[in-house]
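Chains as they are written, first to last, in UniProt numbering: chain V, 1 to 112; chain F, 1 to 112.
Backbone N, C-alpha and C define an ideal beta-carbon position, used for all residues, glycine too.
The structure displayed is predicted, hence computed values, not measured ones.
All remarks here apply to the structure that follows.
2 protein chains.
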Amino acid sequence: MDRLSEVFSALADPTRRAILARLAEGEATVNQIAEPFPISLQAVSKHLKVLERAGLISRGREAQWRPCRLDAEPLREVADWIAGYQRFWKQRYDQLGEYLRQLQKDETRPEE
Amino acid sequence: MDRLSEVFSALADPTRRAILARLAEGEATVNQIAEPFPISLQAVSKHLKVLERAGLISRGREAQWRPCRLDAEPLREVADWIAGYQRFWKQRYDQLGEYLRQLQKDETRPEE
DNA sequence: GCCATATTCAACCTACAAGTTGATTAACCG
DNA sequence: CGGTTAATCAACTTGTAGGTTGAATATGGC
């Protein structure tokens, strides 16, 4: 699977996005990460593996703990990809701006 | 499925991203979209349905054709979500602001 | 009305994603 | 050493994603 697909696919799960949000607050062990979720530890472990394969997290080793930390590089790649489409919503925004400007002119301008 | 998951999931397929890239060049019918791909028309039709459910495209009706057009709004939402993580790569790549501004200015079409 | 074209619907196959439970590995602690 | 805790591995189930082929629907041209 290509890299971008891997990352998008990893992000397509709300549990995994929640894990990333948790890691944005700092490193955490598997048990700490799993604590808020109503699923088994093993399921969380699998999610972490998916995130790791996508390059979104990396893990250290400290005694029997495997602390996870966020790795945002793939998110930057996604941002780059999306940036290529920015004009398609910017454009509308600009058009709206132009439209509003036009409305305003029409209102303030005396009739012809 | 929540909206963001739906969009990420839709983007997690290279064929679908290629379809978006094609539509970035302008509206197209199903046959026109399907032409470059080595898969059946029906498979492409399914991809289009996925993109439509995610809000990434919308379709008109002209005679027996169903012209598809890009709808970038969900991409903006993804960009917003990712923006919340920008600080995690900004610190490492401090020239990124300039880089993004450059991308934004760039009018070349997106590629897959 | 009939035929060709564009697209979708339906049934089916295969692979894999996400969850489960139970067993296993690895490190620390008394 | 034996027990406890952290995490992973393995096997299994279930649902769904992405592909196929074949039939059905809708529209325009003659």
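Residues of the segment 25-41 of chain V whose Cβ lies closer than 7 Å to any Cβ of chain F, in chain order: Answer in chain order: no residues at all.
Same chain only: Cβ atoms within 7 Å of PRO74(V), ignoring 5 sequence neighbours per side: For PRO74(V), where only same-chain residues beyond five positions count, the Cβ hits under 7 Å are VAL7, ALA54, GLY55 and LEU56.
What is the C-beta distance between GLU27(V) and ARG69(V), in whole angstroms, given that I count them as a contact (C-beta under 8 Å)? Between ARG69(V) and GLU27(V) the Cβ distance is about 5 Å, and since that is below 8 Å, they are a contact.
In angstroms, rounded to a whole number, what distance separates the CA positions of PRO67(F) and TRP89(V)? Counting only the Cα atoms, TRP89(V) lies some 20 Å from PRO67(F).
Just the Cα atoms here: how many angstroms apart are LEU51(V) and LEU23(F)? About 30 Å.
For the beta strand (DSSP E) containing SER58(F), list its first residue and its last residue. Counting along the chain, the unbroken beta strand (DSSP E) around SER58(F) starts and ends at 57-59.
ILE19(F) and ILE39(F): beta carbons closer than 8 Å? Not in contact: ILE19(F) and ILE39(F) (Cβ atoms no closer than 8 Å).
Using a C-beta cutoff of 8 Å, does PHE8(V) count as contacting chain F? Under the Cβ distance rule, PHE8(V) counts among the residues neighbouring chain F, one pair being separated by less than 8 Å.
Please state whether DSSP places ARG69(F) in a helix, a strand or coil. In the structure shown, ARG69(F) adopts extended strand secondary structure according to DSSP, grouped into three states.
Beta-carbon spacing of ARG3(F), ALA10(F) below 8 Å: ALA10(F) is positioned such that its CB atom lies no closer than 8 Å to that of ARG3(F).
Any Cβ of chain F within less than 8 Å of the Cβ of TRP89(V)? The beta-carbon of TRP89(V) is placed less than 8 Å from the nearest beta-carbon of chain F.
Taking DSSP as the reference, what is the three-state secondary structure of GLU27(V)? Secondary structure of GLU27(V) (DSSP, three-state): coil.
If we ignore side chains and look at the alpha-carbon of each, how far apart do ASP13(V) and VAL44(F) end up? Approximately 24 Å, taken between the alpha carbons.
Under 8 Å between C-beta atoms, does PRO14(F) make it to chain V? By this cut-off, PRO14(F) is an interface position.
I want to see whether chain V comes within less than 8 Å of VAL50(F), judged by CB atoms only; does it? VAL50(F) has a beta carbon lying at 8 Å or more from every beta carbon in chain V.
Under 9 Å Cβ-Cβ, which residues of chain V neighbour SER5(F)? Going along chain V in sequence order, the residues near SER5(F) (Cβ under 9 Å) are LEU11, ALA12, ASP13, PRO14 and ARG17.
How would you write the range of the alpha helix (DSSP H) that ALA12(V) sits in, first residue to last? Secondary structure note for ALA12(V): it is in no alpha helix (DSSP H), with a DSSP letter that is neither H nor E.
In three-state terms, what does DSSP make of GLU62(V)? Assigned with DSSP and collapsed to three states, GLU62(V) falls in strand.
Do the CB positions of TRP81(V) and THR29(V) come within less than 8 Å of each other? Not in contact: TRP81(V) and THR29(V) (Cβ atoms no closer than 8 Å).
Along the alpha helix (DSSP H) that carries PHE88(F), what are the first and last residues, could you check? For PHE88(F), the enclosing alpha helix (DSSP H) starts and ends at 87-90.
Quick one: what's got a C-beta closer than 8 Å to HIS47(F)'s C-beta in the same chain, skipping five residues either side? Excluding positions up to five away in sequence, the list reads ASP13, THR15, ARG16 and ILE19.
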